[in-house]
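Have a look at the structure below, then the notes.
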Amino acid sequence: MVGALSGDPRHILLAGGGHAHAVALRQLAKQTLPADIRLTLVSPTTHNLYSGALPGVIAGHWKADSIGVPLQPLCDAANVQFVQDRLVSIEPDSRTARLESGKRVTFDLASLDIGSGIRPLDVPDALDVIGPIRPIGPFLDRWQKALAEIKAGSAPPSIIVVGAGLAGIEVGLAIHYRLQQEGIAAPSIHLVDAGSDIAGSSSPALRRKLARAMRRANINLILQTRIQTIQDGTVLLTSGESLETSLVVNCAGSAPHGWIGQSGLNTVDGRVEVDASLRSTSHPHIWAAGDTSYFKAKPLEPAGVFAVRAGPVIAENIGRYAQNSGLSEFHPQSDYLKLISLGSQRAVAEKFGVALEAGWLWHLKKKIDFSFLREHNLTPGH
Ligand SMILES: Cc1cc2nc3c(=O)[nH]c(=O)nc-3n(C[C@H](O)[C@H](O)[C@H](O)COP(=O)(O)OP(=O)(O)OC[C@H]3O[C@@H](n4cnc5c(N)ncnc54)[C@H](O)[C@@H]3O)c2cc1C
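So this is what it looks like as structure tokens:
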């Protein structure tokens with residue numbers, strides 16, 4: 526058993542080392558907490574892979590090992606115990622979490638930042654062909670395998686991306702660019718979506734720019750269609766069309782981890798409903814942020830920017846909890862700068878409904894992403 530049930534010292538469990546907790550740890554390192562506060566971070570991986578820079582890994586602009594946030598040094602700096610494990614359930618009333626290793630953790634306060642998974646494709650017996658974009662580590666292994674097979678000529682230079690949201694479009698363009706860079710003259714990239722338009726809630730200006738980029742890359746956009754079956758590398762679509770593929774990348778939208786919905790916490794669509802201070806509306810001693818949460822005051826799309834902005838609030842509120850004072854509130858911005866890379870060294874930016882495409886925007890995105898990564902990499906030499 527890790528931790529003690531209330532009393533002295535008070536134990537704060539940080540579940541997951543996502544964007545929000547990485548930022549919170551960085552802030553906590555600058556704060557001094559009372560001696561009776563003890564913190565533990567539980568994460569299944571030693572590094573949190575930064576999704577904003579993932580398309581650049583796929584495209585071959587940088588390596589996977591450059592996009593990880595190392596969690597142990599962040600924990601060391603903030604005087605937080607790092608435990609490599611995974612929560613498999615939480616019992617809010619008894620203030621207990623169960624870990625994959627079989628251990629139980631008791632806590633006085635828990636903060637959940639465990640991100641989300643991907644809505645699974647309802648296609649049985651095809652797990653070896655489908656690569657869900659999350660978790661990112663296993664996805665990158667699957668992508669490297671497909672790339673090696675395509676380059677060796679043992680798999681067709683054809684890839685299907687499911688989900689024409691911003692992530693699916695960015696990933697499809699990155700894959701196209703990479704295959705061309707690897708000498709595949711005419712890769713076939715198919716973007717399949719059940720909806721009737723790309724990039725769902727985005728502005729028309731952004732959708733137009735993205736559609737143009739996809740046309741330039743010859744990406745085959747197939748809307749109002751789902752995958753029906755996959756057999757021996759051949760995908761049958763509900764439209765009746767069949768496509769050969771070496772990989773089906775699942776970008777079909779983020780889906781909360783299933784056990785959250787069974788925890789007894791108030792949830793909306795499987796996400797923990799939180800108040801303005803990021804506390805569960807049913808159990809105020811459980812906090813949640815990022816993709817794990819549903820912000821009741823103003824529902825937010827699952828985006829890293831909101832998780833990052835929640836980080837300082839979590840850190841500040843841990844300090845306030847420790848002092849037994851009232852908590853601060855989270856005030857997410859109403860719009861934010863969207864930067865979507867286009868495979869090559871170009872990007873589209875959009876804010877307040879205005880969209881612009883340029884090479885310098887790709888460099889701006891790279892600068893923003895890598896300053897986050899540098900700032901949160903406390904390993905010696907950084
Ligand atoms: C291809 C792609 C590109 C994207 N680009 C952008 C972008 O440019 N801008 C943007 O704003 N958003 C972007 N997003 C969305 C963004 O990735 C998410 O909104 C963001 O990662 C959410 O951060 P988080 O803090 O909630 O969790 P994450 O940063 O995803 O981290 C969750 C962490 O929790 C850990 N974890 C999972 N389960 C458990 C468990 N049971 N116990 C303990 N730990 C656990 C995971 O290992 C992970 O380290 C992109 C998404 C994708 C797929």
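Per this note's numbering, the sequence shown starts with residue 526, numbered consecutively.
Ideal Cβ positions, reconstructed from N, Cα and C, are used throughout, including at glycine.
- For Gly543, the shortest C-beta to heavy atom distance toward ligand 1 is below 8 Å.
- Excluding its 5 nearest sequence neighbours in each direction, Ala724 has C-beta neighbours in its own chain below 8 Å: Ala689, Gly690, Leu691, Ile694, Leu731, Arg732, Leu735, listed in chain order.
- Contact between Ile661 and Leu574 holds: their C-beta atoms lie close to 4 Å from each other, under 8 Å.
- Taking C-alpha positions only, Ser802 is separated from Asn902 by approximately 27 Å.
- Checking the DSSP bridge columns, you'll see Trp812 partnered with Ser636, Arg804.
- Around the beta carbon of Pro580, a 10 Å sphere encloses 16 or more other beta carbons of the protein chains shown; the residue is thus reported as buried.
- Checking the DSSP bridge columns, you'll see Gly642 partnered with Ala780.
- The alpha-carbon separation between Val830 and Tyr861 amounts to approximately 8 Å.
- DSSP links Pro657 through a beta bridge to Asn775.
- The region 836 to 846 and the region 539 to 559 touch, with three or more beta-carbon pairs separated by less than 8 Å.
- The beta carbons of Lys890 and Ser869 sit no closer together than 9 Å.
- In this structure, Asn743 has its CB at a distance of at least 8 Å from all heavy atoms of ligand 1.
- In the DSSP assignment, Asn573 forms a beta bridge with Val594.
- Segment contact: the region 802 to 814 against the region 845 to 856, three or more CB-CB distances shorter than 8 Å; contact assigned.
- In this structure, the C-beta of His856 stays at least 8 Å away from each heavy atom of ligand 1.
- Look at the beta carbons and you see the region 555 to 566 not touching the region 638 to 647: under three pairs across the two are nearer than 8 Å.
- Remark: C-beta atoms of Thr770 and Val797 do not approach each other more closely than 9 Å.
- DSSP places Leu889 in the uninterrupted alpha helix (DSSP H) bounded by 884 to 900.
- If one requires a minimum length of 3 residues, the beta strand (DSSP E) runs lying completely within the region 686 to 763 are 713 to 717, 745 to 747, 752 to 756, 759 to 762, in chain order.
- Within 8 Å of the C-beta of Val613 there is at least one heavy atom belonging to ligand 1.
- Residue environment: Phe820 is assigned as buried (16 or more neighbouring CB atoms within 10 Å of its CB, all protein chains considered).
- Straight across, the Cα-Cα distance linking Arg737 with Glu766 is about 24 Å.
- The C-beta separation of Leu748 from Asp718 comes to about 5 Å, placing the pair in contact by the 8 Å criterion.
- Ligand 1 has no heavy atom closer than 8 Å to the beta-carbon of His901.
- Ile700 and Ser619 have their C-alpha atoms some 47 Å from each other.
- Straight-line measurement puts the Cα of Leu596 at about 31 Å from the Cα of Val687.
- If you draw a straight line from the Cα of Gly697 to the Cα of Asn791, it is about 36 Å long.
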